[in-house]
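Reading through the structure tokens given below for one structure.
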Amino acid sequence: MSEQASLERRYRRLLAWYPRSFRRKNEEEILAVLLACAQEGQQRPGLAASADMIKGALQVWLRPAPGQPHSVRIAIRLVCAGAVAQLATMIMIVATAGRVRSAIARGYPGLAAAQHDVKTMLVVHYAGAALGVVLCLVATYALMRGRDWARIVVAADFGWITLNMLYTTLQGGAVYAPADMVAGTVEWLLFLPACVLLFTATSGRFYQPEPRGVTAWQGTFGTM
Amino acid sequence: MQEATYLILTALAAGSQHGYGIIVDVSEISGGRVRLRAGTLYAALDRLREDGLIAVDREEIVDNRLRRYYRLTPEGEKRLADEAARLHANAMAAMRRLKPGLATGMA
Numbered sequence: 024m025s026e027q028a029s030l031e032r033r034y035r036r037l038l039a040w041y042p043r044s045f046r047r048k049n050e051e052e053i054l055a056v057l058l059a060c061a062q063e064g065q066q067r068p069g070l071a072a073s074a075d076m077i078k079g080a081l082q083v084w085l086r087p088a089p090g091q092p093h094s095v096r097i098a099i100r101l102v103c104a105g106a107v108a109q110l111a112t113m114i115m116i117v118a119t120a121g122r123v124r125s126a127i128a129r130g131y132p133g134l135a136a137a138q139h140d141v142k143t144m145l146v147v148h149y150a151g152a153a154l155g156v157v158l159c160l161v162a163t164y165a166l167m168r169g170r171d172w173a174r175i176v177v178a179a180d181f182g183w184i185t186l187n188m189l190y191t192t193l194q195g196g197a198v199y200a201p202a203d204m205v206a207g208t209v210e211w212l213l214f215l216p217a218c219v220l221l222f223t224a225t226s227g228r229f230y231q232p233e234p235r236g237v238t239a240w241q242g243t244f245g246t247m
Numbered sequence: 013m014q015e016a017t018y019l020i021l022t023a024l025a026a027g028s029q030h031g032y033g034i035i036v037d038v039s040e041i042s043g044g045r046v047r048l049r050a051g052t053l054y055a056a057l058d059r060l061r062e063d064g065l066i067a068v069d070r071e072e073i074v075d076n077r078l079r080r081y082y083r084l085t086p087e088g089e090k091r092l093a094d095e096a097a098r099l100h101a102n103a104m105a106a107m108r109r110l111k112p113g114l115a116t117g118m119a
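Heads up: the protein sequence lines correspond to chains Z and D, in order.
If you want the working numbering, it's the position in the first sequence, counting the first as 1, plus 23.
If you want the working numbering, it's the position in the second sequence, counting the first as 1, plus 12.
Listed below in structure tokens is the structure:
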């Protein structure tokens, strides 16, 4: 295999990081430029060129959809911050688990069932927080691409955080797990404005654009 | 406007260019300070096309490789002119406030 063919194959592997629609439009052209920029006898992409390709791929993947209103942009940043807060909550739960257990053991000496409940509760919290982080990241990407279902995911996540906060407060969480409560409150305060912004009329138009040139009856019964 | 975007639009202001030509021109315009790479360039070109600031002028096949030429759209020309005027005004304000000798030396 010639040096150029080997280099081309490796560049194509890097280009596989880009979205398919972008590759369809630009792959051959980018490849031509990459090969034109390559040095004589080069067989592998350089470190800087590889890093730049991956950075470029991330830029393309994370680019906001055209016509994204300001309210949506702020909401997306809040959801992103929410993902960070959920990650912090997860770390907090792990870090304070021992303290929570001993606080409950002190409050309810000899109550083996309480210890078991706490263990179960903590596992549920770990799983919930991890799921929350993943959901936030998926929702952030989908919100940027203008997917309407992502708004429902964010609203559902907000509902879950609210219920969780209420439950923890009623269980006296402020006493035995103050750090977790603070992290949860931060999350709640980030998701509340995000939800409000995502459901404004301006955001609604972005997520549910008017169908172009489709009459009312076509919209109801579909097109032939 | 990001510096890379500004330099890409500037490279296209004199006429249509292909990707490799833009990389070389941007390096010249910036005095060798900015060296665009393919990943950054094509992410920017794709976004600029989507925003309607540039358009494909023509395509050629050279040595069995696709070569696509880009040009500024009227909207792109206006955005570049606005940005250049803004940068010029900022630079002039800075020059007026600098000590006379220093400002002359920089001019």
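C-beta: ideal position from N, C-alpha, C; glycine also.
query: Throw me the rounded Cβ distance for the D/E87 and D/G64 pair, which I believe falls under 8 angstroms.; result: 5 angstroms
query: Run the CB neighbour count on Z/L38, radius 10 Å, all protein chains shown included, and call it buried at 16 or more, exposed below.; result: buried
query: Please confirm whether any heavy atom of the ligand GDP lies closer than 7 angstroms to the CB of D/E87.; result: For the ligand GDP, the structure offers nothing, since it holds no ligand at all.
query: Assuming D/R83 contacts D/A67 (C-beta within less than 8 angstroms), just tell me the rounded distance between them.; result: 6 angstroms
query: Under the assumption that D/L53 contacts D/I35 (Cβ atoms under 8 angstroms), give the Cβ distance between them as a whole number of angstroms.; result: 6 angstroms
query: Spatial neighbours of Z/V209 within its chain, please: CB distance less than 7 angstroms, with the 5 preceding and 5 following residues excluded, ordered by chain position.; result: A108
query: Count the other CB atoms, across all protein chains shown, that sit within 10 Å of the CB of Z/A265; report buried if there are 16 or more and exposed otherwise.; result: Given a span of 24 to 247 for chain Z in the structure shown, any question on residue 265 of chain Z remains unanswerable.
query: Hey, how far is the Cα of D/E71 from the Cα of Z/S73?; result: 26 angstroms
query: So with Cβ pairs under 8 angstroms, would you call D/L78 a contact of chain Z?; result: yes
query: Output yes if chain D places a C-beta closer than 8 angstroms to the C-beta of Z/R86; else output no.; result: yes
query: Quick one: what does DSSP say D/L110 is sitting in, helix, strand or coil?; result: coil
query: Taking the C-alpha atoms as reference points, what is the distance between Z/C218 and D/D37?; result: 46 angstroms
query: Which value, in whole angstroms, describes the spacing of the CA atoms of Z/G151 and Z/I184?; result: 10 angstroms
query: What's the gap between the Cα of Z/S29 and the Cα of D/A25?; result: 36 angstroms
query: Between the alpha carbons of Z/W40 and Z/L215, how many angstroms are there, rounded?; result: 34 angstroms
query: When burial is assigned at 16 or more other CB atoms within 10 Å of the CB, is Z/T225 buried or exposed?; result: exposed
query: Which chain D residues are close to Z/N187, counting only those with a beta carbon under 7 angstroms from its beta carbon?; result: What Z/N187 touches in chain D: nothing, since even the nearest Cβ is about 39 angstroms away.
query: Mark D/M104 as exposed unless 16 or more other C-beta atoms lie within 10 angstroms of its C-beta, in which case mark it buried.; result: exposed
query: List, in order along the chain, the chain Z residues whose C-beta lies closer than 7 angstroms to that of D/Y54?; result: N49, I53 and G79
query: So with Cβ pairs under 8 angstroms, would you call D/E62 a contact of chain Z?; result: yes
query: Determine the extent of the alpha helix (DSSP H) in which D/D69 is found, giving its start and end residues.; result: Where D/D69 is concerned, there is no enclosing alpha helix (DSSP H), although the beta strand (DSSP E) it sits in stretches over I66 to V74.
query: Does any residue of chain Z have a CB that is nearer than 8 angstroms to the CB of D/V32?; result: At residue 32 of chain D the sequence reads Tyr, which differs from the Val that was named. With 8 angstroms as the cut-off, D/Y32 counts as an interface residue toward chain Z.
query: Does the contact criterion of 3 or more C-beta pairs under 8 angstroms hold for the segment 156-169 of chain Z versus the segment 87-96 of chain Z?; result: yes
query: Who are the near neighbours of D/Y18 in its chain, counting only those whose CB is closer than 7 angstroms to its CB and skipping five residues on each side?; result: E95
query: With the cut-off set at 8 angstroms, would you say Z/M204 and Z/Y149 are in Cβ contact?; result: no
query: Given this structure, state the Cα-to-Cα distance separating Z/D180 from Z/Q62, to the nearest angstrom.; result: 51 angstroms
query: Can you name, in chain order, every residue of its own chain whose Cβ lies under 7 angstroms from the Cβ of D/T22, other than the five neighbours on each side?; result: I41 and L92
query: State yes or no: is the C-beta of Z/F222 within less than 8 angstroms of the C-beta of Z/R174?; result: yes
query: Just tell me which of Z/I116, Z/G155 and Z/A162 has its CA closest to the CA of Z/T191.; result: Z/I116
query: Taking only beta-carbon atoms, is Z/A206 less than 8 angstroms away from chain A?; result: Chain labels in this structure do not include chain A; the protein chains are Z and D.
query: Mind pulling the alpha helix (DSSP H) runs of 4 or more residues that sit fully within the segment 33-76 of chain Z?; result: 43-60
query: By how many angstroms is the C-alpha of Z/V83 removed from the C-alpha of Z/P42?; result: 8 angstroms
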